[in-house]
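Enquirer: Per UniProt numbering, the very first residue in the sequence shown carries number 1; after that it's consecutive.
Cβ atoms here follow ideal geometry from the backbone N, Cα and C, with glycine treated the same way.
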Amino acid sequence: MERWDGRLYGNISDSHSHINCLDSQEIIDVHIQLPPELIKQIEASTGVKITDYRIDFYGYKQNK
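1) Taking the alpha helix (DSSP H) that residue 15 falls in, what are its first and last residues?
2) Have a look at 25, 48 and 32 and flag the residue whose alpha-carbon is nearest the alpha-carbon of residue 16.
3) Can you grab the Cα-Cα spacing for the pair residue 2 / residue 45, in whole Å?
4) Nearest CA to the CA of residue 27: which residue from 40, 56 and 62?
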């Protein structure tokens, strides 16, 4: 487990993204895959071969 910014993180070894709840400070692991066409477009525009990625979403619980 690691701590960052007062929060506790587990050691998940596979690639994953996060949803950061701004109400509760909860961090939810999500497993998503970007479309291959988007990855190719990013590689073409930057000249960088992408080997992995992580996306962080921020928001509030919808039941508010």
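Expert: So, to answer that:
1) Unbroken run through residue 15: none, as it is neither H nor E.
2) Comparing Cα-Cα distances from residue 16 to each of 25, 48 and 32, the minimum goes to 32.
3) Any reading at residue 2 must be qualified, since the residue scores a pLDDT of 46, below 50, and its modelled position is unreliable; no value is offered.
4) 56
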